[in-house]
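Taking it in order: structure first as structure tokens, then the write-up.
Next up, the structure:
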């Protein structure tokens, strides 16, 4: 058999785009994909091209499907800002792993937009109308009141923030992010619309807070920031945290709820026990730390209380579940709107079994099992 | 000798039906090929690693001919993008490409991918038809 003299069958700019989206240099990218750096440089310049195995290795190294190198995609909106790293302890981070997750986030956004298009579900996201007015509101507390009003929430705790975001047309993906310190990110993409990624490895209460936090970024600056839980001293982050706290724990309701706790002197002083904070946290489905922060802000706890106590509160991780079933949980976290669209597209013959596996980020045997279970249900 | 390209979906069906062993002889005879991307994909599942380790040398098929390279790229552009319909994954496309360029039969269970293959003149079989043919039993008329 004649060996093929390979021409530039891939799009050189896509090879470069995939590498640059991870912030990788040629040497590092080549090492990961087990190819020569000089060869990779040539392919990116349109000289020759990788063979099928090298293509697969590149796709794996970049967290993209092979087809990514053959079709034109749009750039991610703006540079992803990794400033969170400057204020976090270095050893907590896994920046390369986190960049791969951002690539995964982009692939999920792309997949959902494509599914919306083929299933005829593409429409202006309702959040767009809120955003148009939200930009003029510069005070987090007021912005939270405005959003609650538009969502018709009154002053009651929010029972299902993710559901509200889904119905508002925000794509929400809850995905495991390696390392620690990254809670979420978001962007308002010109092609995919508003979307947010939330770290699955954080406890549910913290994830809810992250969703509210990312909503502030989407409404005010269009996202683009990788947000960590500890970077409180950055102005936009403080704004987003204040917005999230006000959205999840509206002032009137909080004051009403903690009144009996204050009267019984269970809550209010430096000696406030964790159990009192937990009672409030349960009501608003948020973390003890977020509650303490909010109560301090409303002057229901002494100033500096949260800072003094947070070291005692260890970072909890969500339960991991049985090993064999983890992938099911992973799929579940991709969100009901997304996974039902994947199933619908498959049953209508619009995507293949392996495409289902790609879209759900699981292996093909698991995809087959998942489809069977869904059909039985 | 007529050869068969097997897609991930049919391999999964064979394993579920405990019929993977029926491929042993045809594999030894060189009648079965599995695209390298299908093997790469299945290897991600622990349940498949051992089978792949034992069989990949005999079954693995890559894109090697210029015509294959050309068709593979064309199909990836046409059906590999998320906005294309049907949207096929890279391993489906590799299986169709090999079957089309080498006139092999294609065993798969994926109506969408099957349609694309048939347009290219590929003969498509399901698991039962494949096993019948390999056992030398008469096969019902197959759509081409």
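Chains as they are written, first to last, in my numbering: chain P, 52 to 428; chain S, -16 to 127.
Glycine is no exception: its CB is placed at the ideal position from the N, C-alpha and C atoms.
All of these numbers come straight from a predicted model, not from anything done at the bench.
Residue j beta carbon less than 9 Å from that of residue i
i	j	result
residue 312/P	residue 320/P	no
residue 245/P	residue 238/P	yes
residue 264/P	residue 286/P	no
residue 259/P	residue 299/P	yes
residue 256/P	residue 337/P	yes
residue 235/P	residue 215/P	no
residue 44/S	residue 110/S	no
residue 0/S	residue 404/P	no
residue 306/P	residue 208/P	no
residue 262/P	residue 223/P	yes
residue -13/S	residue 55/S	no
residue 76/S	residue 103/S	no
residue 294/P	residue 323/P	no
residue 401/P	residue 68/S	yes
residue 80/P	residue 110/P	no
residue 269/P	residue 250/P	no
residue 106/P	residue 61/P	yes
residue 394/P	residue 423/P	no
residue 120/S	residue 108/S	no
DSSP bridge partner residues for residue i (one or two, in chain order)
i	result
residue 355/P	Per DSSP, none; premise fails for residue 355/P.
residue 224/P	248/P
residue 17/S	43/S
residue 107/S	89/S
When the options are compared against residue i, the one with the closest alpha-carbon
i	options	result
residue 71/P	151/P, 250/P, 343/P, 211/P	151/P
residue 52/S	-11/S, -16/S, 82/S	82/S
residue 66/P	77/P, 95/P, 82/P	95/P
residue 63/P	124/P, 187/P, 426/P	124/P
residue 354/P	364/P, 343/P, 363/P, 362/P	343/P
residue 297/P	346/P, 187/P, 427/P, 389/P	346/P
residue 84/S	101/S, 91/S, 95/S, 92/S	101/S
residue 266/P	194/P, 327/P, 149/P	194/P
residue 158/P	99/S, 65/S, 60/S, 94/S	65/S
residue 302/P	196/P, 171/P, 270/P	196/P
residue 201/P	77/P, 189/P, 213/P, 185/P	185/P
residue 378/P	182/P, 412/P, 425/P, 316/P	412/P
Residue i (DSSP reduced to helix, strand or coil)
i	result
residue 321/P	coil
residue 23/S	helix
residue 336/P	coil
residue 84/S	helix
residue 402/P	strand
residue -15/S	coil
residue 130/P	Only weak support is given to the placement of residue 130/P: the predicted model assigns it a pLDDT of 39, under 50, and the value that follows is read from those uncertain coordinates. Note: residue 130/P maps to coil in three-state DSSP.
residue 247/P	strand
residue 281/P	Interpretation of residue 281/P is limited by its pLDDT of 48, a score under 50 that renders its predicted location unreliable; the figure taken from the coordinates is listed afterwards. Coil at residue 281/P, not helix or strand.
residue 202/P	coil
residue 70/S	strand
residue 417/P	helix
residue 87/P	coil
residue 115/P	coil
residue 60/P	coil
Please determine if the stretch 31 to 38 of chain S and the stretch 79 to 94 of chain P are in contact, where contact requires at least 3 C-beta pairs separated by less than 8 Å. The stretch 31 to 38 of chain S and the stretch 79 to 94 of chain P do not touch, with fewer than 3 CB-CB distances between them shorter than 8 Å.
Using 8 Å as the Cβ pair cut-off and three pairs as the minimum, do the stretch 47 to 62 of chain S and the stretch 14 to 33 of chain S touch? The answer is no - the stretch 14 to 33 of chain S does not touch the stretch 47 to 62 of chain S, with fewer than three Cβ pairs under 8 Å.
Cβ contact check for the stretch 60 to 76 of chain S and the stretch 108 to 117 of chain P: 3 or more pairs under 8 Å: When C-beta atoms of the stretch 60 to 76 of chain S are compared with those of the stretch 108 to 117 of chain P, three or more pairs fall below 8 Å, so the two segments count as touching.
Could you tell me whether the stretch 211 to 219 of chain P touches the stretch 176 to 183 of chain P, using the rule of 3 or more Cβ pairs below 8 Å? Output reads yes: the stretch 176 to 183 of chain P touches the stretch 211 to 219 of chain P.
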